[in-house]
Structures are given as C-alpha cells and as structure tokens.
Amino acid sequence: MIPQLDYIIDKILPAFVTFYLVSLGHSIFEKSGILNLAIDGVFFTGTGAALLGAILPIIYNIPISPPVMGVLVATLIAAILGLFMSSVLTFLPISHGAVGLSLQFFSYGVGIMLGYYVRLAYGTIYGVSFAREDVLYLSIISLVIGVVLHLFIERTKIGAAIRAVGENPHSAAALGVRVMAIRIVAGMLGFALIGFGGALFILSWQRSWDVKLFTLGYGWLAFATALAAGRHPIVLIPVSLLFGGLVNSQTDLQSRLGIPADVAKLIPFLAALALMLIYSTTRLRRIFASPSSLGKPYYKEEKSI
Amino acid sequence: MSSPLLSVANITKTFPGGVVALDEVSMDFHPGEFTVILGENGAGKSTLVKIMYGIYTPDKGSIILKGREVEIKSSLDAIKKGIVMVSQIPQLVDRLTVVENISLSLTRIGMFETMTRVRRFFKEVSEKIGIKVNPDAKVWSLTYTQKQLIEITRAILLDAMVLILDEALTYLPMEERRKFYVYLNEFKEKGRSVILITHKIPEALEIADKIYVLRRGKLVGALDKASANIDKIRDLMFGEAAKTITYERFTKPYETPIGDIVLNIRNLVVEGDYGEIAVNNVSLSVRAGEIIGIAGVVGNGQRELLEAIVGLRRVREGRVIIDNHDVTNKGVKLTRESGVGFIPDQPLRYAVSADNNIVENVAALFSRKNFVVNWKSMRELSEKLINEYGIYPPRPEMHVKLLSGGNIMKTVVSRELEYASKALVAYNPTRGLDEATSTFVRRKMKEKAVNSKLAVLFASEDLDEVLQLSDSLYVMNRGVLYGPFDPVSTPRSKIEELMVV
Chain A
738 MIPQLDYIID KILPAFVTFY LVSLGHSIFE KSGILNLAID GVFFTGTGAA LLGAILPIIY
798 NIPISPPVMG VLVATLIAAI LGLFMSSVLT FLPISHGAVG LSLQFFSYGV GIMLGYYVRL
858 AYGTIYGVSF AREDVLYLSI ISLVIGVVLH LFIERTKIGA AIRAVGENPH SAAALGVRVM
918 AIRIVAGMLG FALIGFGGAL FILSWQRSWD VKLFTLGYGW LAFATALAAG RHPIVLIPVS
978 LLFGGLVNSQ TDLQSRLGIP ADVAKLIPFL AALALMLIYS TTRLRRIFAS PSSLGKPYYK
1038 EEKSI
Chain B
-17 MSSPLLSVAN ITKTFPGGVV ALDEVSMDFH PGEFTVILGE NGAGKSTLVK IMYGIYTPDK
43 GSIILKGREV EIKSSLDAIK KGIVMVSQIP QLVDRLTVVE NISLSLTRIG MFETMTRVRR
103 FFKEVSEKIG IKVNPDAKVW SLTYTQKQLI EITRAILLDA MVLILDEALT YLPMEERRKF
163 YVYLNEFKEK GRSVILITHK IPEALEIADK IYVLRRGKLV GALDKASANI DKIRDLMFGE
223 AAKTITYERF TKPYETPIGD IVLNIRNLVV EGDYGEIAVN NVSLSVRAGE IIGIAGVVGN
283 GQRELLEAIV GLRRVREGRV IIDNHDVTNK GVKLTRESGV GFIPDQPLRY AVSADNNIVE
343 NVAALFSRKN FVVNWKSMRE LSEKLINEYG IYPPRPEMHV KLLSGGNIMK TVVSRELEYA
403 SKALVAYNPT RGLDEATSTF VRRKMKEKAV NSKLAVLFAS EDLDEVLQLS DSLYVMNRGV
463 LYGPFDPVST PRSKIEELMV V
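Which chain is which? The protein sequence lines are A and B, in order. Residue 915 in my numbering is what sits at position 178 of the first sequence, and the numbering runs on without skipping anything. Residue 106 in my numbering is what sits at position 124 of the second sequence, and the numbering runs on without skipping anything.
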C-alpha cells in the first residue's frame, strides 16, 4: 500500500469520522433551537456505552460483531439522553445552559459507570474494535448519512419543521407543527449521531478507553467545528477533515515546526477560533446564521406586548 | 335560526401575574355569518381567538363545535377540526420559503415529502385569487401585504369551516381587501363561519352580520347588523372613558414655536436582520419642540431606522447628528448621554428588565453614571412616575414581569419621557395601552415637546396616532421615506396608499 494512504487511514480518517459524526449530530440537534451544552458529556457517554456494548456479544454469545454492537448501544443511550433534554426544554421554560451543563456532568458520570468495570475486567479492547481498514467504510457511511441528512433538512417537510421550530417555535406551532415531537426527533437523532461518533472514537480511532478521556475536551472541539461550519452538513465535511487532521497531526507538526507540545495542542482550537472569526466578520455570518430561537426558553403561552 | 357552528361558553383566562384577560365570556358563531369581535387594545379579543385556535388553554369554560364539546390542544388540533386563524402579525417563519411555511400546515403532505406537491397546490390557489408571489422566495424578503396574502392562501388551502381573522385585513390595501371580501362572501354562502377581530368600528360596520363587544375581558354587548351604530358601539367599547378619548389634534401643526435642529439624519442606509437593506437613503431632521411622525405598516424599516439613530444598530452609510455632534456608530451610551429618550419595539424584551422591580428599572437609566445608586431618590422618582401616570398597582417594589402589558408600557414611557432632555425617539409609544391611556400618553408627549423643547421622532403603526400628534409626517414603505406631509391637509387615502403600494 502507498504510504500516503496509510497515513490517511491511520491518522486522518479515524479522527475525521469522529469529528464529523459528533458535529453533524450537534448541528441537527441545534437546528431545532435547543442549545447543546451537553455535547462533551454525551460524547463521553457514547465512549463508555460503546465499550460496554462491544463486550456484550462476547459475554452473551450474541452473533453480532462486537464493534457494531458497541455502536448500537452507544447511539441508543445517547438518543435517550437526547429525548430527555429535548422534551424537558420544550415542556418547561427553563435555561438551556443550566440543563445542558448539568446533563453534561451527569453524562460524564454515566459514561464512567458504563465503561469503568469493563475497563477493569478487560485490559485491552483491540479485540472488540473495528479493523484498521474498516475506517474506510465507516467514512463512507458517515458521508452518506451527512448528505442524506442535508437533503432531509433542506428538502422535506420534516426538515422544514425542524428549521421552523429552531427559528420561531411560536410561529411554527401556530402553523400546525408539533413543536415537542419535532424537537424530540431532532434531539434523539442528533444525540444518536454524537453517540455514534463517541463509539468510533474508542472503537476505531483510539482503540482504548480510560476514565479520564473526557478531560481531552474533544466534544467541545466538535462544538467549535459545527459552529465554524455554520451547522451545514456539507460544509462540515472539509472543516471536520481539517480539525481531525490537525488534532491527529499534532506530534508531526510539533517536530516539523519545532514548537512545544503544549502549543501544538492549541493548534486545532486556534484554527476553530480563526474560522469563527472569519465567518463572523464576513457575509458568511448571514448564510451560516444560528437559528433565531437557539437557546431561548420556550414558553407556549407567552404573553408579549 | 340555525344552531351555532362554533360556540364558546364561560371562557376565563388569567395570565401569570394575575392579569385577567377574559372573564366568563360566551359567544355563538353561526354558519353563513360574518361575526365581528370589537374591543380596544387589551380587551381580550386576541386572547379569545388564540384559545379557539389552540395557542392558549383556557382556565375555565368550554368550546362547542357542531354541538359537541371539544378540547383544542394545539393549533394543529384546531386546523384538523376546521378552525384556521390568520393574525395581524403574519405567523410565518422568516427564514423558510413560502411553500415550506405552507407545507407545515397541510396534514395531507407527508413528513418526508418534498415541496413539489405543495408548490402545485399553492400555484393553483394563488392564481385563482390573483396573488403574485414566488413560492420559493424566503418569507423575510416579502412585504407585509404579500405575507398576509400568503396566510390567507394558506387558510383557503386548509379548507376551513371557521375562519378567524385577527386584525388580518386591517392593514391590507383597499384593493386587496375588496378582492378578499368577494372570497369571504363565497365562503359564507357555503355555510361556513367567519370571525373578524378588529378595534376599528368602521371596518366592523362594513361587513358584520353580528357584533360582539369586549371590554376589559368582559362581554359587554351583542348587536346585530340592524341595531349597530358608531355611538352605541363606542359607548360599549370604552364605557365611562369614552369621553376622554380623542383622536382630535391637541393643537394645529406648528402652532407652538420650534427651535434649532436637534436630530439630523443624513442619507442613512441600514441593514436589517437578514442583511437586506432595511433603511434606504433616509434623510430627515427634527427641531426642538417639533413632533415628527412616521406612518407605516410593521416591518418596513421603521424599527431599523430608530435603532440606528439611537446607536443600537450599525449604520452602513450616512450620518446621525444629534445636537450638532456626529454620533454615527458611536454607540448607544453617547446618544443616551446626549439626553435622548428611547422607547423601543417589544418593550417587554428591550426596554425593561422584567425580573427587576420598577425602582431598579428606573435606576438603571437615571443612575447610569453613578458608582453607588442613591436608592432613596430613585424610589422617590419612581413614586412620582407611578402617581403621574397611574401605574397600577402603585408599588415601586413590584416586579415588572408581574405588571400587565399596559402598565409595563406606562413604566417605560414615563421613564423615557422623564429622562429625555433633548429628544425622544419612540416606536409605537402607545402599543398595548387602552384608548384612554393612549390619549393621555400622547397628550404627555405633546406637553413635553412644547414645554421642554423636546425634539420628538416617533414611528407608529396606528395612522390615527400619527395624524393626531405630528407637526409633519412621513410615510415609510420598504425602507424608503416619503414626505414630509401636512397631517391636516393631506388626504388620508393618499397616505394609506403610500403605506402599502
């Protein structure tokens, strides 16, 4: 195999699929108008749940490939968290920030609970992870998901409904949209994708799991990725490639540029800042504008003057 | 007489903070009838129809559709039962296209369906009633009239049994309105029911078969076509206060002397929320003691213009000069410190901090430069404003969010009029106030302009208000300012035409 392809398969693609899926899920979630500050927690829960899921076929002799089972369990548990967050924030007019951050810390705990005992019992998880070349198929699958979701958001009625509840839930409700149902769909779908990304993070990229994974803050980097790409499923592709590449090429950059390790770690975050600055000072700001009602408590019977 | 198609019985609705919006209201709506619900701002008309359309839930009372008691849980529920509402402010999502908005209401369109069929439906109906709108245009790029016509098209597509028009026709140009009356008559003849909400008595008399009058949340009269006349309805609508309400001018234009130019706006270009040109090359000047009114339908750039003048919105081109100082793009702090009072659109959101009390809201403006707030003097000032403007309940420690809409507006207006020493910039200064209080506020504005030599620039969606108060008036339509006009000699029809054409 040619060396460049090796580099791509080993270094770029695993990071790309992770960031792409997490930021894609986050984008769908936020398009429905709910501010997602739980992203890093849900991402971490995804990793723990994937670890637990991946060993289930071995323990119970289920005829499913362990990493696939890991992905299924991770998406399911993340979707349940999405159901909770979307419904609570649509039902009650309370702060999205407070609920999101609380859910983040709760999810860190859930992630630890799910993964810790598996980690103690099984030292290495190479055996239940995806094979090295599988990342090619996973990349293709996630790209297909991204393109389909883009068409689904931009072309179909349910996509219009998701954008409508993100822009103005009051008008949407008056038009006949079930705000609760639509936000739950977007919430579960969005979080499921974040869980999927979390699962690939350990089963394809790291192939190891540790209690302290959440201190990396990769969920927050995906948050920045989504913001820098204006929550656009197609624009997310190059931006995720860039960020995934930067994160995973830190050591290379470090030696090539001769900079300290701590500075090299800053590079992806600096790139996120730079992209956001660029797009907020140009016309892209209008095209990639956040949903108008993002983060605003929704109170159905609001009286306004 | 036939049995009613839709009835409401003993509907009561109280909003958080104890504001009683509706008190035991019962009404019948018969098939083939045009029913008008009349009442001034805050009488509870909109609240009542929002209950019928599933936006609010009543505290008490029932809704009876075709003889059967029903519960309307959401607007989707109402649409399925054949009840459709068109509001005064178009309830459309701005960043979606016309057909996307329409599709959200059509239950026959599947969730995963694309816009192909909706586009065809929309074209059929819009051709039939003669509307020219690009079905794939984003809603924010349309005019008010176009948006309202889309709402009406939507109501037709939904094949409603009961059509509720909440001030939906009030601001439509005469030509479009007539076109629509023809359609409504057809609709009536098919045995369906139309409910029109308005605060304009002539509009009600124009078309009503039956009139209900609401005052302060109570049903105070039910009249049929034969027995209704303006004076009778006026007495019912305003009660005792009818005598103090006037749309007569306080003085003739320019009867009192005016001074030097205070507000000087030169060739202003301002962008709207979507990057479109909202204010297009606007120039005007306001002198001390002069009142300039801007008439226009909501969403024609008035809000953006006023925000740019006080420094809340970036000016792309042109200059804002206040009292001979260029304050263009120098921020709201400077304008405020030059003695400019400002009453913004959506006062609950932008003019007060709803979680703080009246004293704190007063102090936020008057003690802005002090490191330590003198609460005693702020309390005295608040008490003075409460007494002068009759803010109810008269408690300075009352949290603003617990006041009724009208009292919040009074708090804002009194504070800004008290603060303004050079100029007042206001958007809909009497929005949400009852007519008697509106007259009072307009009188205050006039007094203050004359006595303190205040330069007043205000925009209002209420043309009567502009005609009553201004020394000269302008019309704003799609970002362009027309005028000045003399409020007494200019024919009303000419102004109305400029507002919408």
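Glycine included, every Cβ here is placed at the ideal spot set by N, Cα and C.
Asked: Chain-ordered neighbours of Val914 of chain A on chain B, where CB pairs are closer than 8 Å; Found: Leu58 and Leu86
Asked: Val354 of chain B, DSSP secondary structure in three states; Found: coil
Asked: Assumed close pair Ile849 of chain A, Val948 of chain A - CB separation to whole angstroms, cut-off 8 Å; Found: 6 Å
Asked: Among B:Met34, B:Glu222 and B:Leu86, the one whose alpha carbon lies nearest that of Lys(-5) of chain B; Found: B:Met34
Asked: Amino acids of chain A, ordered along the chain, whose beta-carbon sits closer than 8 Å to that of Leu74 of chain B; Found: Ser908 and Leu912
Asked: Rounded straight-line distance, which links the Cα of Ile373 of chain B to that of Ala441 of chain B; Found: 24 Å
Asked: Burial state of Leu888 of chain A, where buried means 16 or more other Cβ atoms lie within 10 Å; Found: exposed
Asked: Collapsed DSSP secondary structure at Asp446 of chain B in the structure displayed; Found: helix
Asked: Coarse secondary structure for Val885 of chain A, derived from DSSP in three states; Found: helix
Asked: Among B:Arg331, B:Phe16 and B:Asp41, nearest to Glu171 of chain B - alpha-carbon criterion; Found: B:Phe16
Asked: Of the residues A:Asp743, A:Ser764, A:Gly770 and A:Ala752, the one placed nearest Val902 of chain A, counting alpha carbons only; Found: A:Gly770
Asked: Inter-residue spacing [alpha-carbon to alpha-carbon] between Gly275 of chain B and Glu230 of chain B; Found: 16 Å
Asked: Enclosing beta strand (DSSP E) for Tyr194 of chain B [first to last residue]; Found: Lys192 to Arg197
Asked: Leu140 of chain B versus B:Met67, B:Ala186 and B:Ala210, residue with shortest Cα-Cα distance; Found: B:Met67
Asked: Selection from B:Val(-10), B:Val121, B:Gln128 and B:Lys383 that minimises the alpha carbon distance to Val279 of chain B; Found: B:Gln128
Asked: Beta carbon of Glu106 of chain B nearer than 8 Å to that of Thr152 of chain B; Found: no
Asked: CB contact below 8 Å: Ile1042 of chain A versus chain B; Found: For Ile1042 of chain A, the predicted structure reports a pLDDT of 43, less than 50, and the residue's modelled location is therefore unreliable. A value from the coordinates is still provided. At least one chain B Cβ lies under 8 Å of Ile1042 of chain A.
Asked: Within 8 Å, strictly: CB atoms of Val344 of chain B and Leu330 of chain B; Found: no
Asked: Bridge partners - Ser108 of chain B, DSSP secondary structure assignment; Found: According to DSSP, Ser108 of chain B bridges with nothing at all.
Asked: Proximity below 8 Å, CB of Phe756 of chain A to CB of Gly981 of chain A; Found: yes
Asked: Best match in A:Gly778, A:Arg869, A:Phe781 and A:Val808 for proximity to Ala791 of chain A [C-alpha to C-alpha]; Found: A:Val808
Asked: Whole-angstrom distance between Ala1026 of chain A and Thr827 of chain A, CA atom to CA atom; Found: 22 Å
Asked: Among B:Phe103, B:Glu417, B:Asn116 and B:Tyr409, nearest to Ala137 of chain B - alpha-carbon criterion; Found: B:Phe103
Asked: Residues of the stretch 891 to 906 of chain A whose Cβ lies closer than 7 Å to any Cβ of chain B, in chain order; Found: Arg892, Thr893, Lys894, Ile895, Ala897, Ala898, Arg900, Ala901, Glu904 and Asn905
Asked: Rounded straight-line distance, which links the Cα of Gly932 of chain A to that of Ala816 of chain A; Found: 8 Å
Asked: Minimum length 4: unbroken alpha helix (DSSP H) runs contained in the stretch 196 to 254 of chain B; Found: 212 to 220
Asked: Residue(s) in a DSSP beta bridge with Tyr863 of chain A; Found: DSSP output for Tyr863 of chain A lists no bridge partner at all.
Asked: Chain-ordered residues of the stretch 356 to 382 of chain B with a beta carbon less than 7 Å from chain A; Found: none
Asked: Buried or exposed by the 16-neighbour rule on C-beta atoms within 10 Å, applied to Leu818 of chain A; Found: buried
Asked: Those runs of the alpha helix (DSSP H) which lie wholly inside the stretch 31 to 104 of chain B and span at least 4 residues; Found: 57 to 62 and 80 to 87
Asked: Cross-strand partners of Ser267 of chain B (DSSP beta bridge); Found: B:Asn246
Asked: Any alpha helix (DSSP H) of 4 or more consecutive residues that is wholly inside the stretch 962 to 1006 of chain A; Found: 973 to 985 and 987 to 994
Asked: Within-8 Å CB hit, Tyr409 of chain B to chain A; Found: no
Asked: Between the CA atoms of Ile878 of chain A and Leu250 of chain B - distance to the nearest angstrom; Found: 52 Å
Asked: Beta-carbon spacing of Ile183 of chain B, Ile134 of chain B below 8 Å; Found: no
Asked: Contact list for Tyr38 of chain B against chain A, beta-carbon separation under 7 Å; Found: Glu1038
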